[in-house]
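See below for the structure under consideration.
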Amino acid sequence: MPETHVDPCGAVLERARALVEDRSLAHVRAWKTANPGALAIGYLPIYVPRPLFEALGCLPVALFGGGDELEIVRGDSYFQSYICHIPRSTLELGLSGHLDPLDGMVFPSICDVIRNLGGMWRMLFPDRYVAYLDIPQNFDMATGGRFFAHAMREIAEALGARGAKRLDAAALRRAIGGENARRASLERLDAIRRAEPWRLRASEAYLIARAGAGLPAATHRALVDEAVEAASRRPARLIDNARVVLRGSFCEQPPLDLIRSLEKAGCDIVDDDFQLGLRTIDGEIAVGEDEDPLDALARTYLQRGVATASRYIANDVKGAALVSRVRECGADGVVFAAASFCDPALLDQPMLEAALDRASIPHTSFKFAENNAQFQTIREQAGAFSDSVKLWGAER
Amino acid sequence: MSTPAAAAAGAKDESQIRQKRMIGEHFERLARARHDGRKVVYTFVPGNLTELIASFGMLSVLPEINALQSGMRGRSAAYIAEAEKSGHSEDVCTYVKCDIGMLRSGNIGPTGTKLPEPDLLLLSYTGCFTFMKWFELLREQYRCPVAMLHVPYQPDGVITPSMRAYVVDQLKNEVIPAMERVSGRRLDLDELTAQLARSAAAEDDLVAVWESARHRPSPIDGYFGGVYYVGPIFSAFRGSEEAVAYYRELRREVDARMAAGKGPATPDGTLAEERYRLVVEGPPNWTSFNDFWRMFTREGAVAVASTYTRVGGLYDTGFRHDASHPFETLADYCLGCYTNLGLPARVALLERYIREYHADGFIINSVKSCNSFSAGQLLMLRELERRTGRPGGFIESDLVDPRYFGKANIENRIQSYLQMVDARRHGGYA
Numbered sequence: 017m018p019e020t021h022v023d024p025c026g027a028v029l030e031r032a033r034a035l036v037e038d039r040s041l042a043h044v045r046a047w048k049t050a051n052p053g054a055l056a057i058g059y060l061p062i063y064v065p066r067p068l069f070e071a072l073g074c075l076p077v078a079l080f081g082g083g084d085e086l087e088i089v090r091g092d093s094y095f096q097s098y099i100c101h102i103p104r105s106t107l108e109l110g111l112s113g114h115l116d117p118l119d120g121m122v123f124p125s126i127c128d129v130i131r132n133l134g135g136m137w138r139m140l141f142p143d144r145y146v147a148y149l150d151i152p153q154n155f156d157m158a159t160g161g162r163f164f165a166h167a168m169r170e171i172a173e174a175l176g177a178r179g180a181k182r183l184d185a186a187a188l189r190r191a192i193g194g195e196n197a198r199r200a201s202l203e204r205l206d207a208i209r210r211a212e213p214w215r216l217r218a219s220e221a222y223l224i225a226r227a228g229a230g231l232p233a234a235t236h237r238a239l240v241d242e243a244v245e246a247a248s249r250r251p252a253r254l255i256d257n258a259r260v261v262l263r264g265s266f267c268e269q270p271p272l273d274l275i276r277s278l279e280k281a282g283c284d285i286v287d288d289d290f291q292l293g294l295r296t297i298d299g300e301i302a303v304g305e306d307e308d309p310l311d312a313l314a315r316t317y318l319q320r321g322v323a324t325a326s327r328y329i330a331n332d333v334k335g336a337a338l339v340s341r342v343r344e345c346g347a348d349g350v351v352f353a354a355a356s357f358c359d360p361a362l363l364d365q366p367m368l369e370a371a372l373d374r375a376s377i378p379h380t381s382f383k384f385a386e387n388n389a390q391f392q393t394i395r396e397q398a399g400a401f402s403d404s405v406k407l408w409g410a411e412r
Numbered sequence: 165m166s167t168p169a170a171a172a173a174g175a176k177d178e179s180q181i182r183q184k185r186m187i188g189e190h191f192e193r194l195a196r197a198r199h200d201g202r203k204v205v206y207t208f209v210p211g212n213l214t215e216l217i218a219s220f221g222m223l224s225v226l227p228e229i230n231a232l233q234s235g236m237r238g239r240s241a242a243y244i245a246e247a248e249k250s251g252h253s254e255d256v257c258t259y260v261k262c263d264i265g266m267l268r269s270g271n272i273g274p275t276g277t278k279l280p281e282p283d284l285l286l287l288s289y290t291g292c293f294t295f296m297k298w299f300e301l302l303r304e305q306y307r308c309p310v311a312m313l314h315v316p317y318q319p320d321g322v323i324t325p326s327m328r329a330y331v332v333d334q335l336k337n338e339v340i341p342a343m344e345r346v347s348g349r350r351l352d353l354d355e356l357t358a359q360l361a362r363s364a365a366a367e368d369d370l371v372a373v374w375e376s377a378r379h380r381p382s383p384i385d386g387y388f389g390g391v392y393y394v395g396p397i398f399s400a401f402r403g404s405e406e407a408v409a410y411y412r413e414l415r416r417e418v419d420a421r422m423a424a425g426k427g428p429a430t431p432d433g434t435l436a437e438e439r440y441r442l443v444v445e446g447p448p449n450w451t452s453f454n455d456f457w458r459m460f461t462r463e464g465a466v467a468v469a470s471t472y473t474r475v476g477g478l479y480d481t482g483f484r485h486d487a488s489h490p491f492e493t494l495a496d497y498c499l500g501c502y503t504n505l506g507l508p509a510r511v512a513l514l515e516r517y518i519r520e521y522h523a524d525g526f527i528i529n530s531v532k533s534c535n536s537f538s539a540g541q542l543l544m545l546r547e548l549e550r551r552t553g554r555p556g557g558f559i560e561s562d563l564v565d566p567r568y569f570g571k572a573n574i575e576n577r578i579q580s581y582l583q584m585v586d587a588r589r590h591g592g593y594a
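In the order they appear, the protein sequences are chains B and U. Heads up: the first sequence is residues 17 to 412, going by our numbering. Heads up: the second sequence is residues 165 to 594, going by our numbering.
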């Protein structure tokens with residue numbers, strides 16, 4: 017009998033893939049059936065405070081556009097050619113009924129396009145709940161924190177009027193606890209690929225993380241833990257790849273095959289900002305004993321929100337966080353992968369590149385759209401980059 | 165189509181001469197700023213805090229104005245190329261790249277003198293996220309302090325008490341202390357309120373000028389001509405005696421023009437015959453500004469109202485700077501600029517303009533560089549046609565990148581659009 021090799025991660029990856037590819041949100045429908053009367057609320061990248069929604073008995077559902085399999089029929093007719101792809105595919109999903117399980121949508125402040133998409137949603141879906149979440153760029157708790165907490169209360173009140181549970185401090189503490197547990201599991205997942213990228217490739221970790229887009233924190237945590245445990249049973253392999261940090265994909269997502277192409281080109285992506293929302297807070301959300309948990313949500317974002325293009329730099333040094341991350345991860349270089357026409361990422365990039373240059377960290381860059389199908393050029397570019405940092409990286 | 169006759173080409177009104185003198189003097193003050201010991205604040209047009217800056221005796225520089233001036237003077241292409249050569253993406257805002265390119269090329273301002281470096285970058289990003297990135301980029305170059313004023317967006321077209329309080333808190337706790345540090349002066353509340361009172365007077369006159377376009381024929385062009393009319397109030401002059409005098413004079417001239425039954429001033433003199441009354445949404449193209457304008461004037465088309473001329477303040481919906489509540493009024497001003505309104509509110513405003521100014525239709529000039537304006541305009545087009553029964557036209561260009569101004573294509577579209585307006589006229593409006 018020939019020896020049969022069973023991948024310990026195979027089953028969990030398959031479940032994750034099914035969830036990621038479930039564009040019609042069947043799993044959200046199932047959740048609603050199991051929770052009669054409860055609301056499912058979609059949101060666009062980057063960040064919304066998911067525990068707030070869970071505390072209200074709602075299911076927060078992160079949306080990342082339509083990917084590379086969705087045919088865009090109507091979405092393109094609403095946007096000029098120089099606007100990125102994610103609003104077209106999101107609108108296509110909405111207009112074609114894929115997002116019908118959602119009772120509302122939240123558009124966080126990330127860029128002008130996503131902001132205006134929120135206004136379009138109000139006009140196109142007048143019966144649905146639509147909110148714009150203005151995340152503060154002032155990081156003082158008495159100013160930005162107060163404003164943010166008020167914005168979250170407004171959302172809670174509006175959803176309450178539509179049947180959600182009343183905002184309750186104990187429930188919010190529990191939801192924050194659940195999010196902290198999920199975050200800790202995601203950190204274990206990330207630790208594996210940083211330490212032993214051959215056990216869990218970035219493309220696989222991507223699926224595991226993204227599978228949680230429309231799952232309650234506890235359900236997702238269980239999935240992540242299962243993946244972590246399964247990865248630990250994978251046989252070790254030695255692959256002499258370049259270790260890279262990837263930046264620029266915090267909103268519109270690259271096709272999974274593009275991530276795989278980078279891996280095939282010899283890049284181990286040991287850190288990234290794919291679907292950054294789940295990792296927006298650095299570490300856990302600590303709630304003081306006498307603290308209003310809503311204030312804790314606001315405070316944690318202000319004080320420990322990670323650096324990204326949509327967050328004002330304030331008194332920090334631009335690029336310092338990226339340089340630190342490269343060092344912490346033991347990475348050889350940085351790959352910038354921004355969506356075409358993504359203003360925040362593309363305007364940020366020259367500043368980040370300058371910081372990397374000052375730190376003598378090599379980098380390369382390309383642009384993508386979520387529906388790209390040809391990766392040969394990117395693969396060649398990434399391959400050349402990988403080879404160069406492996407061959408000459410140590411000489412710097 | 166035949167060309168409506170124009171008269172007195174090249175003759176300038178007194179207000180135009182006055183404005184040119186004001187701008188020249190401002191750039192002279194900037195050139196002498198270091199010598200005179202005056203501090204310089206770089207800031208943006210939408211939501212600018214001109215009265216506050218002036219109350220500290222500081223001078224404003226507005227990078228968007230420099231960029232558009234570079235576009236009009238044929239320099240933006242080289243500046244953009246310079247920025248792209250240094251790693252800036254071809255996808256992003258050309259105002260930013262024009263400014264970065266100008267900086268890398270010596271920072272020579274529109275009057276030919278070198279602009280002083282900023283002592284403070286006052287980042288009040290009303291209605292546009294790119295502003296935030298822009299000043300992050302400039303901070304990398306100048307290494308000077310940045311005062312950030314985060315102005316919340318109005319998704320419902322309503323200013324809530326929470327929004328106002330957030331802006332006022334930032335003014336009191338962040339912006340004013342930063343200005344005090346940079347200028348070495350304490351806030352002079354009396355001076356600020358005097359500035360605000362003068363702003364309100366100028367705003368009254370500007371609204372009267374805008375609303376003159378309800379008259380037939382319109383004595384003004386509210387888009388191409390309009391950008392000249394808003395120049396002083398959107399930039400460094402609001403709150404000054406000069407601005408009050410300018411708008412008083414402009415209003416007098418427009419009233420006289422209206423009384424005489426004259427059409428608007430154009431690059432080729434007074435428009436003799438008003439054939440089409442249009443509302444325009446979106447910024448103009450600056451690199452071919454007069455060519456673009458002539459595409460309308462040759463057909464006898466007049467812009468009776470525009471949204472671009474409201475990016476620096478929506479005074480015709482009732483807002484006036486209120487000297488009796490200085491911080492709250494500054495907050496309401498910042499919050500109320502046109503691109504800070506949600507799309508439904510923008511559509512409602514355009515609908516109002518189309519009806520109240522008796523427009524035959526509307527044109528959207530969609531610019532590649534400005535997602536704040538452009539994202540959603542195709543839906544606005546459909547919605548406005550549905551609500552008003554008036555035809556909408558859609559053209560695409562850019563702010564200051566001449567590569568995106570296809571003259572023949574745009575002209576063809578405008579002519580086709582006006583033919584459609586004619587056809588609808590004969591069919592009557594719903």
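Each residue gets a CB set at the ideal place from its N, CA and C atoms; glycine is no exception.
Beta carbon proximity, residue i to chain B, threshold 8 Å
i       : result
D496(U) : no
Y306(U) : no
S326(U) : yes
V260(U) : yes
K532(U) : yes
Partners in chain U for residue i, counting only beta-carbon separations shorter than 8 Å
i       : result
P360(B) : F293 and K297
S93(B)  : L542
P366(B) : S250, G251, H252 and L301
P103(B) : A539
C127(B) : F293 and N535
Residue i classed as buried or exposed, judged by whether at least 16 other C-beta atoms fall within 10 angstroms
i       : result
Q319(B) : exposed
R22(B)  : The sequence given here has Val at residue 22(B), not Arg. Classification for V22(B): exposed.
A354(B) : buried
D354(U) : exposed
W408(B) : exposed
H600(U) : Residue 600(U) lies beyond the residue range present for chain U, which begins at 165 and ends at 594; the question has no answer from this structure.
S326(B) : buried
D287(B) : buried
V373(U) : buried
One or two residues paired with residue i in a DSSP bridge
i       : result
S141(U) : Absent from the structure is residue 141(U), since the part of chain U shown begins at 165 and ends at 594.
F357(B) : According to DSSP, F357(B) bridges with nothing at all.
Y145(B) : G120(B)
Y206(U) : V225(U) and L285(U)
Amino acids of chain B, ordered along the chain, whose beta-carbon sits closer than 7 Å to that of residue i
i       : result
P508(U) : G135, R138 and M139
V256(U) : D359, L362 and L363
Contacts of residue i in chain B (Cβ-Cβ under 8 Å)
i       : result
Q334(U) : N154 and T159
C501(U) : The premise fails here: C501(U) is roughly 14 Å from chain B at the closest Cβ pair, so nothing lies under 8 Å.
Y330(U) : P152, N154, T159, G160, R162 and F163
Inter-residue CB distance, residue i and residue j (contact presumed, cutoff 8 Å)
i       : j       : result
L514(U) : M136(B) : Going by Cβ atoms, the distance from L514(U) to M136(B) rounds to 15 Å, so no, they are not a contact pair.
I301(B) : I394(B) : The pair is not a contact, with the Cβ atoms about 37 Å apart (cut-off 8 Å).
I323(U) : G211(U) : Not really, about 13 Å apart at Cβ, beyond 8 Å.
D359(B) : V256(U) : 6 Å
S381(B) : F352(B) : 4 Å
Chain-ordered chain B contacts of residue i [CB-CB under 9 Å]
i       : result
A312(U) : Looking at the sequence itself, residue 312(U) is Met, so the reference to Ala does not match. Those within 9 Å of M312(U) in chain B are Q153, N154, Y328 and A330.
Test: residue i CB closer than 8 Å to a CB of chain U
i       : result
Y148(B) : yes
I99(B)  : yes
E279(B) : no
H166(B) : yes
Beta-carbon neighbours of residue i, restricted to chain U and to distances below 7 Å
i       : result
R415(B) : No information on residue 415(B) is available, as it lies outside the stretch 17 to 412 that chain B covers here.
P270(B) : Result: empty, since nearest Cβ-Cβ is about 16 Å, beyond 7 Å.
Per-residue contacts from residue i into chain U (C-beta, under 9 Å)
i       : result
A370(B) : G251 and E304
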